[in-house]
Amino acid sequence: MKYLIALCLFVVSAYAQAPKPCDSPAQWEAREIRQDYSKKFAEYRKLSYDETNKRIREVEEIIIGTDKEYYDRLYLHNENKNYSVNLKTRKCEVSALTRPFRYRGVYPQAKFDGIFNIGAVGVSGEVVAVQAWSANITGDSPPQWEAREIRQDYSRKFEEFRKLSYDETNRRVREVEEILLGSDKEYVDRLYLYNEAKNYSLNLKTKVCTVTALTRPFRHRGVFPGAKFDGIFNIGAVGVSGEVVAVQAFSANGTDGFYTGLVTYPSCYPVQNLFFSKANGFEHSDYFDLNIGIVDLNVFVPPQECIKAEEEMNKKKIMPVTDYEQKYQEYRRLSYDETNKRERQIAEVDVGGDKAYYDRLILYNENKNYTLNLKTRICTVSAINRPFHYRGVHPNAKFDGLFELGAVGVPGEVVAVQAFSANETNEYYTGLVTYPSCYPVQNLHFSKTHGFEHSDYFDLHIGITDLNVFVPPTECLKAEKSQKISPVV
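In structure tokens:
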């Protein structure tokens with residue numbers, strides 16, 4: 001959780017008046033000094049700031065210890081691009097932004113903390129009055145909204161499509177859903193009232209309602225309280241109008257489980273949540289056609305069948321489990337070539353709290369898998385023990401529907417996506433792609449051999465910039481001469 005403090009100039013003649021929120025100028029230039037003494041780090045830079053168009057230019061001299069490096073950086077937040085030129089080597093790096101736009105001056109929704117004097121009080125020309133403002137700048141998703149939701153568990157061939165009404169303020173959730181369990185269909189209407197610790201579940205076929213005590217804590221959707229910001233990415237094809245939306249990633253380790261979430265940028269409208277706990281396993285939810293607010297608050301009133309059933313309710317209390325299994329997460333750069341059935345993955349793997357960095361090259365037509373540990377520089381070469389994994393739309397997949405990721409009607413924070421699914425021998429697949437061009441957004445794949453695998457794709461560019469990406473690293477070519485490749489499993 002970040003905390004921001006700002007000072008703005010305050011006219012001395014207005015000192016006795018009640019403070020009003022400062023509107024800092026939207027466009028300005030200044031000299032800036034930024035320092036971090038624990039790392040012997042100081043920056044002196046010329047700053048050009050444009051809040052209106054969300055862009056910043058920093059021409060700086062960086063002093064780290066006694067070595068000097070000079071950089072010129074340009075941040076274009078609306079285009080999600082970061083240009084960084086080393087003024088010594090003239091080498092420029094272009095990358096996606098990894099943080100949201102940072103307001104300077106008074107942050108939106110900041111609270112007033114007081115008026116102070118900088119300099120010597122009473123000495124003309126050597127004192128200036130300033131105001132102090134502060135704000136919690138961790139992303140806050142809207143507390144009340146409605147959306148269509150898809151929740152899936154492939155190990156049990158379990159899939160839910162439901163209308164979701166979410167009220168974080170009063171901690172209550174309504175789900176009117178169609179559940180597909182194997183080939184049998186059941187329709188269930190659930191109401192969770194967390195402040196009352198009650199769960200109403202109405203079978204819409206039989207009209208039988210069961211009322212039970214809740215056995216799990218309230219599940220936050222959107223940005224989890226206390227979550228850390230993991231980066232900003234693009235869903236869809238970068239630079240393709242109407243088929244891309246910027247999202248922010250957050251994650252948190254709670255006492256009841258591990259959480260990750262995606263929300264739109266900058267307004268934090270929920271896009272996806274993934275939650276793991278030993279008690280309830282792995283839960284994955286995608287939100288579509290989201291609208292802010294609750295249309296009818298009666299949605300949180302129990303159905304008549306449930307009110308009658310509640311009179312016969314036997315309350316049950318179940319203690320939650322707080323011992324969790326290993327947490328596994330990969331962040332990686334992916335180069336994908338379906339035509340020649342090959343992939344390159346340069347990945348940071350986070351298993352529990354230990355980090356290992358790997359560079360993987362998978363050549364399916366040659367039946368070879370090269371894995372280079374980027375810390376030890378040791379490469380292993382092995383045969384591939386699985387078929388080629390299609391990303392995007394799987395061959396023979398069926399069309400499941402058209403949805404919108406993000407907030408409906410909010411320009412720049414919504415993108416249309418298509419859903420597809422396929423059942424292969426011993427494998428099950430679903431995928432999301434943009435509409436109409438089918439740029440990959442997400443894949444979920446289940447097999448008995450490898451279990452459940454979930455991939456999200458960000459900052460996607462069409463084509464392969466350098467085909468040498470599919471050439472094995474030098475360490476792997478050397479290792480291949482000394483290793484015997486095992487047969488296909």
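Just so you know, we're using the UniProt record's numbering here: the sequence shown kicks off at 1 and counts up by one. Cβ atoms here follow ideal geometry from the backbone N, Cα and C, with glycine treated the same way.
Counting only unbroken stretches of 3 or more residues, the beta strand (DSSP E) elements lying wholly within the stretch 197–280 are 198–203, 209–213, 228–236, 244–254, 257–264 and 270–277, in sequence order.
For I307, no beta strand (DSSP E) segment is defined; the enclosing uninterrupted segment is the alpha helix (DSSP H) at Q304 to E310. With a cutoff of 8 Å on beta-carbon distance, L334 and Q345 are scored as near each other.
Within the same chain, and ignoring the five residues on either side of C92 in sequence, the residues whose Cβ sits closer than 8 Å to its Cβ are Y83, S84, V85 and N86. Straight-line spacing of the CA atoms in S267 and G406 works out to 10 Å. In the three-state reduction of the DSSP assignment, V128 falls in the strand class, which pools E and B.
The C-beta distance from S285 to V223 rounds to 14 Å, too long to fall under 8 Å, and the pair is not in contact. Its chain contains Q144, E146, S165 and D167 as the residues whose beta carbon lies nearer than 7 Å to that of I294, once the 5 sequence neighbours on both sides are disregarded; these appear in chain order.
Within the DSSP secondary-structure output, P440 pairs in a beta bridge with V433. Excluding the 5 residues flanking it on each side, D456 has same chain C-beta neighbours closer than 7 Å at Q442, in chain order. Within the same chain, and ignoring the five residues on either side of Q152 in sequence, the residues whose Cβ sits closer than 8 Å to its Cβ are F158, E159, E160, H284, T430 and L444. The beta carbon of R55 lies closer than 8 Å to those of L74, Y75, L76, H77 and N78 in the same chain, with the five residues before and after it left out.
Counting every other CB atom within 10 Å of its CB across the protein chains shown gives R90 a total below 16, marking it as exposed.
Under the three-pair Cβ rule at 8 Å, the stretch 291–309 does not count as touching the stretch 411–421. For K478, no beta strand (DSSP E) segment is defined; the enclosing uninterrupted segment is the alpha helix (DSSP H) at T474 to S482. When only Cα atoms are considered, F470 and R360 end up about 10 Å apart. Per the DSSP secondary-structure output, H450 pairs with nothing in a beta bridge. K341 is positioned such that its CB atom lies closer than 8 Å to that of N365. Note that the stretch 211–223 does not touch the stretch 417–425; fewer than 3 beta-carbon pairs, one per stretch, sit closer than 8 Å.
Shown here for I33: same chain residues with a beta carbon closer than 6 Å to its own, the five before and five after excluded, namely Y44 in chain order.
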